Amino acid sequence: MKYRHLVITDPAKLIFGTAPYPVKTRRGLHIGGGQVYSELNFTLPVMSINDQTLPEVYAHYRQITEGALERALQLNSKGVILEFETLLEMTKSPATGVEIVKIMNDICESFYQKHGLASEIRLTPNDLREFERPALQRTSRLLEPMFQLFEQGMLAGGDLLSIESTGGKEVSDEALMMCDIKAVLFSLAVLGVRDMQFLWEKIAALARQHGKIPAGDSACGFANTAMVLAEKKYIPTVFAALVRVISVVRSIVAMEQGAVGPDKDCAYEGPYLKAITGIPISMEGKTAACAHLSPVGNISSACADLWSNESVQNIKLLSGMAPVAYMEQLEYDVRLMNTALKKGAAYSRTLQQLLVESDVYTDAQALVLDPSNVIRISSALIQGDSYVANARNGALEFIEILEETLASGRMTLPEMELSYIPVLREELQSIPDSESDFIEMMLPLLDPSKFIPSEYGL
Amino acid sequence: MKYRHLVITDPAKLIFGTAPYPVKTRRGLHIGGGQVYSELNFTLPVMSINDQTLPEVYAHYRQITEGALERALQLNSKGVILEFETLLEMTKSPATGVEIVKIMNDICESFYQKHGLASEIRLTPNDLREFERPALQRTSRLLEPMFQLFEQGMLAGGDLLSIESTGGKEVSDEALMMCDIKAVLFSLAVLGVRDMQFLWEKIAALARQHGKIPAGDSACGFANTAMVLAEKKYIPTVFAALVRVISVVRSIVAMEQGAVGPDKDCAYEGPYLKAITGIPISMEGKTAACAHLSPVGNISSACADLWSNESVQNIKLLSGMAPVAYMEQLEYDVRLMNTALKKGAAYSRTLQQLLVESDVYTDAQALVLDPSNVIRISSALIQGDSYVANARNGALEFIEILEETLASGRMTLPEMELSYIPVLREELQSIPDSESDFIEMMLPLLDPSKFIPSEYGL
Amino acid sequence: MNYILSKLLEAVEYGKVDQGSPYPPNLKGMDGAHELTQKALDAGIMPQEILETALIPAMGNVGRKFSENKIFVPQMLMSARAMGASMAHLKPFFASGKIKARGTFVIGTVKGDLHDIGKNLVAMMVEGAGWTIVDLGVDADAESFLEALSNNPGAVVGLSALLTTTMINMGEIVEKIKENAPGTVILVGGAPVSTDFCRKIGADFYSPDPRGAVEFLKQLAS
Amino acid sequence: MNYILSKLLEAVEYGKVDQGSPYPPNLKGMDGAHELTQKALDAGIMPQEILETALIPAMGNVGRKFSENKIFVPQMLMSARAMGASMAHLKPFFASGKIKARGTFVIGTVKGDLHDIGKNLVAMMVEGAGWTIVDLGVDADAESFLEALSNNPGAVVGLSALLTTTMINMGEIVEKIKENAPGTVILVGGAPVSTDFCRKIGADFYSPDPRGAVEFLKQLAS
Ligand code: B12
Ligand code: B12
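Chains as they are written, first to last, in the numbering used here: chain A, 39 to 496; chain B, 39 to 496; chain C, 11 to 232; chain D, 11 to 232.
Right, here's the structure in full:
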């Protein structure tokens, strides 16, 4: 791993709106530069995407963008990020995705010219490779449309580039359901890391070439999936919290390859990436209840530079279209944080303290987001000599913190959850330092029909 | 007016979660007793209500109640108010409304017995009288089903009684559109006050008889309508702010007749009622974006004892049913306030300050909700000898504050808004102290076909 | 344009009802729509021309300014009143057939629903565009729409609903109208209504605001 | 109940695959589903009885505990594996007709959609209830469902979708199935799906969770 030192060592400095290395955008947003912005995400209502419906698809994105920016303007927004996370058809036919970026960018530009409201588009193509099973991560022809969309989409105005890539997911899907922490760690710290190196080298190069911003890649298919499963009580929250920590070594590879942030919202590795690398991050919590329920509604905003709603369909509520309503909710949350920032460190620290304390002892996944725990675990995540060792050390450090917290009586967990802790620790401790030893240990245990080692350079 | 002194004179004491006269409920909620609770409101999706669909209607209310309480439980809620605001068919056939209360109350009771989660139902029948035009406020046969629903509904478990009564609306509807402040004041301080006296004497007596809680009656049809119209830029925000102040003298009549709070959410007279009478109140803001957009998303929570979402349909979002998502959003907002309350006055004061400052100078309607302005205007609202004089004095005091604020440069308003201020002041100043003089002044100016004076005892 | 007509256009656009009316302050004491219309007729200008060249363009300007948020509703209402003062003079010519209205627009808030603020605004703006309005008020059922249509054959219908439980009644009304008065054009609106819903119930046009309705009707009439 | 069968029920309920398997710790070294099924067969117990008296009730208990949030998925998966170990012994008897499965359940995530975690859980629980599973995987189109139905006449179909833009494909698949294999019972599920949507596309049953599907199938089979 490239990073050997924390950029932020003082938990008090790991705070919303402020990142050591802020990102400046074309229309003048200064992400992490002293204030928080809203990041609105949205998607289509129930409908199919085909040649007949394309005009309607475009009309939806137009309506969403206009409605959201209009509302942001009325609320004196300091600026907005609009995330365009594509659906299958928009990546498979990149022209469709590019057209949507154009539509959105024109509207962004006109609000900027007419009213001075700055907004930017985060372009997040979906990872097509998983349509082939087992996936051909490096040799698939599906990489072509994906990169076409990246390149033409950024030229059309998609200035921030992200993806939620799925390398390693072939192994993690089952591993999550079995709560097999070793297999999860293998999928993230071996397969995920290698695939991220492959993908992000390319993405960062493209972005450099066109002067765009390589933002980041969150482990949605891993950590967010684990959270949703834990929320349904399908797997222990303790396990989901560990997945989040382990994800860090996978997602940080984007930065190692040149990504500068803002990191994407949905897997919550953000605070770790911010502490270790200093990039600004996007986070989501209570105001993403439209997309999934959350055990970290407040605490997740403690270190956010962008505050996101994850995703909402363009459907009608009593007040109007849902993206407009969510734009408003985000803006009010963000206003509160920005008021505190403006009044100075004492105020923002107090607000952060309240955000943290209101959640921290209610769920293991909240504990993982406490800024002081983030710093402590981050130190463990950068000490070793391999991604594997780092992931294991971070995970064990979290178990340490969890047990301290339980012992202190500040947090309680049901027996069903507690019984997993010693098992998980034991399994983690059995993981060797070296990647090759770990691979040797794991390969015989994994279903060979599920993934192709050579597609990860193994 | 009965109240001649403020119960709260120090703006620092006018704060969320704490009311001088808290209300205790059957299942142990202590509203205004040191913590804020969520108040969830909800309604049916697009569907008709008739004999065929009744089972489906009931199923919706069952699903909403179960889903919301389940989520509240998972989030360690301290307690929840569920507002059942009826639709026409549920009041016209009170049996339907009562059945829904029963369904909801059974679920509340089972969550209380099984898990200790306390929740209560606020029963809000709709005011049927407006179906007759001009309305027969005192002699209508439609009062019968309304009061049947009140009585049988409270026996079925609707422990908190509210209504958004519409006495005076015949005059205010047009007055709002014409920005005719004198007619608005007439509709609220003369007609509204008189109708409230008539209605709330009955409601309070019924509640006393059965040991239930007469909660309150917000001027939704007046102040909330004005806000929605201002939000659409149909009328000036300055005007909408005045309507809110004037509403106070009408809504306080419920307390004069025995209502004890929590006052209802949607018209924002709450902070005034709390300052003047000491009752706990319900408020709504950013988390009501599902129901209407708002210029007071944060500041409206500054003095809230219940925090509400106004209303959301039972439709599916990506995360699940919308009422469940909104339950979650409310709970996280409330957690933040409760964490501050628990940590002591310094923290809750700081959080309140941030909530207030983040909005206060962005809209005239926000200015009206600043706790120190609330205290100042409230003093003006209780000095006179008639409701009419009080309403006028309060309104003029607000104009005073508005002009001071504008002069200080902390707030700016577009010319279109500014030009209304002197006109409104002049019109307000022309209003006499005595009700009878005012009636004599207004009657000739009003359309006699729209309302029946004798139905207001005139 | 004729000087009187241009003054009339101004009077209506700025809501000057008659000479005595105090509003707007800057036109104090000047002729209002009432006087100017009389003068125009006295000058031999054709009623149809008064309507087409002064009143409708004036209200068009008002509608535009309103939808650009440059004026508030009260200003628009004053214009509508000024137009009303003018129309009082023109009424006889409608009866005699000397003026042809753009058409008749039957509007109402549907059964079970009492929200009429939005409906009233739509009615006013459509009237401003030269249509004759038949306002069925609130809580209007299919029968009352059918009756109005039989009294005003060929009229266009507008339905308003604000409740998720009454918008469904729109469907029933549309069905009955399409059955009994086939070919009737039906517009729908109100906060919870959407294009999808409009399509689903077989209505012809949805607009989120009065302006859209006016534009649609303009094309329909031309 | 026969002692061996009650042991087998316990082994499956607690996920003991075979003697050597380390899980669950408290059954260490004891016989697992593998050995116990062999012993039951050796003792002359009828295969159908093994299935009906031990395996299905065991999985029923597991499903109940799971839906009451008393166990996590891994425990349920271990039970499914133990059941699989037992089924391996019983397979020949299905082929020979000595055991009748409850029926065949063809399940898949629909075209354009790759989300299969939910679908896999449903498949597993339906299998536990004694059905034969034909899993079409993800991104499955109408043709593949029709093919599976022609190979498994009378099978019940389950469709899963997680995207608002793929659930619409369910409609197409339902239509084609009802056309080509009329009478086929179709279940639908996945986060964005609802009872209303199920009704709208003409499918037969929606359940928000695997348990509901199992209950529905139970009634269907009886
Ligand atoms: C004002 C208001 C009232 C007033 C109505 C006054 C009046 N004379 O109309 C009063 C207080 C009486 C009232 C009563 C009730 N209300 Co109400 N009300 C509102 C409110 C706050 C604003 C509506 C409004 O006037 N908007 C301003 C106008 C200008 O906008 P508009 O109506 O949308 O119209 C515009 C467009 O839609 C369009 N348009 C409208 N009609 C048409 C028609 C055509 C043909 C076209 C082309 C365009 C078009 O053009 C208009 C101008 O731009 C809304 C909140 C909201 N978010 O809308 C709730 C709301 C509609 N009410 C609601 C409820 C529940 C009620 C009550 C049942 C409350 C109760 N329990 O007592 C009663 C029901 C009475 C009944 N049976 O109708 C709910 C509806 C929930 C649901 N299930 O759908 C809402 C959404 C409030 C909420 N968030 O909970 N209400
Ligand atoms: C995990 C996940 C993924 C994983 C999938 C892993 C896998 N192997 O399945 C990955 C990362 C690959 C992924 C990819 C994508 N995803 Co995704 N994903 C999710 C997530 C977080 C959880 C889904 C899940 O597994 N839930 C847990 C299971 C157990 O629940 P379930 O699936 O609902 O199933 C249960 C019930 O529904 C029921 N059930 C399910 N099927 C059936 C069938 C029958 C017959 C019955 C009776 C019952 C039943 O029983 C199950 C058990 O209880 C959801 C968020 C959410 N709120 O659901 C987003 C979500 C579904 N994804 C979304 C999106 C946008 C995508 C991508 C397009 C992202 C992108 N741009 O790259 C791609 C699309 C790929 C594709 N074409 O399908 C959006 C969908 C938005 C929309 N328009 O609908 C969601 C809602 C996230 C969000 N909030 O934005 N995703």
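Glycine is no exception: its CB is placed at the ideal position from the N, C-alpha and C atoms. Please read these numbers as outputs of a predicted model, since none were measured by experiment.
| Asked | Found |
| --- | --- |
| Delimiting residues of the beta strand (DSSP E) encompassing B:G70 | H68 to G71 |
| Proximal residues to B:A50 (C-beta, below 7 Å), its chain only, five neighbours per side dropped | R387 |
| Cβ neighbour criterion (16 or more within 10 Å) applied to A:P486 | exposed |
| Per-residue contacts from B:A378 into chain A (C-beta, under 7 Å) | L392 |
| Heavy atom of ligand 2 within 7 Å of D:T174 beta-carbon | yes |
| Short CB-CB distance (under 8 Å) between B:M105 and chain A | As written in the sequence, residue 105 of chain B is Gly, which differs from the Met given in the question. Judged by the 8 Å Cβ criterion, B:G105 is not in contact with chain A. |
| Interface residues of chain B facing C:L87 [CB-CB closer than 8 Å] | M215 and M216 |
| Complete beta strand (DSSP E) runs within the region 43-127 of chain B (minimum length 3 residues, chain order) | 56-62, 68-71, 75-79 and 118-123 |
| Chain B contact residues for D:P202, given Cβ-Cβ distances below 8 Å | K354 and L356 |
| 8 Å Cβ cutoff, A:E33 in contact with chain D | Absent from the structure is residue 33 of chain A, since the part of chain A shown begins at 39 and ends at 496. |
| At least 3 beta-carbon pairs within less than 8 Å: the region 51-63 of chain A vs the region 424-436 of chain A | no |
| Interface residues of chain B facing A:E366 [CB-CB closer than 9 Å] | K324, A327, L331, S332 and G335 |
| Option in A:L368, A:S200, A:G316 and A:D401 with minimal Cα separation from A:K271 | A:D401 |
| B:A279 beta carbon less than 8 Å from that of B:L180 | no |
| Meets three-Cβ-pair contact criterion under 8 Å: the region 258-277 of chain A and the region 330-340 of chain A | yes |
| Beta-bridge partners of B:E395, as assigned by DSSP | In the DSSP output, where bridge partners are listed per residue, B:E395 has none listed. |
| Sequence-distant residues of the same chain with beta carbon closer than 7 Å to D:N4, five excluded per side | The first residue shown for chain D is 11 and the last is 232, placing residue 4 of chain D beyond what the model contains. |
| When B:Q351, B:P93, B:W238 and B:A194 are compared against C:P202, the one with the closest alpha-carbon | B:Q351 |
| Range of the contiguous alpha helix (DSSP H) that encloses A:R448 | Neither: A:R448 is in no alpha helix (DSSP H) and is coded neither H nor E. |
| Proximity of B:I159 and B:G196 at Cβ, strictly below 8 Å | yes |
| Closest Cα partner of B:L193 within the set B:F169, B:R246, B:L356 and B:G335 | B:R246 |
| Test: A:S346 CB closer than 8 Å to a CB of chain B | no |
| Proximity of B:S256 and B:E294 at Cβ, strictly below 8 Å | no |
| Partners in chain D for A:D211, counting only beta-carbon separations shorter than 9 Å | D126, I127 and N130 |
| Unbroken alpha helix (DSSP H) run spanning B:W238, endpoints | V231 to H248 |
| In chain order, each alpha helix (DSSP H) run of at least 4 residues that lies wholly inside the region 423-492 of chain A | 425-445, 453-456, 458-467 and 473-480 |
| Closest by C-alpha distance to A:I251, when choosing among A:R167, A:T263, A:E395 and A:K302 | A:K302 |
| Cut-off 6 Å between Cβ atoms - residues of its own chain near D:Q29, not counting five sequence neighbours on either side | D41, G42 and E45 |
| Under 8 Å by beta carbon: chain C residues contacting B:F169 | L124 and D149 |
| DSSP state of C:A150 mapped onto helix, strand, coil | strand |
| Whole-number beta carbon distance between D:V83 and A:M215, since they are thought to touch under 8 Å | 5 Å |
| Cβ neighbour criterion (16 or more within 10 Å) applied to C:K26 | buried |
| Chain B contact for C:T205 (CB, 8 Å cutoff) | no |
| Proximity test, Cβ basis, 8 Å: D:P84 and chain A | yes |
| Cβ pair C:V224, C:A213 closer than 8 Å | no |
| Cβ-Cβ separation, C:G128 to C:G200 (assumed contact under 8 Å), whole Å | 6 Å |
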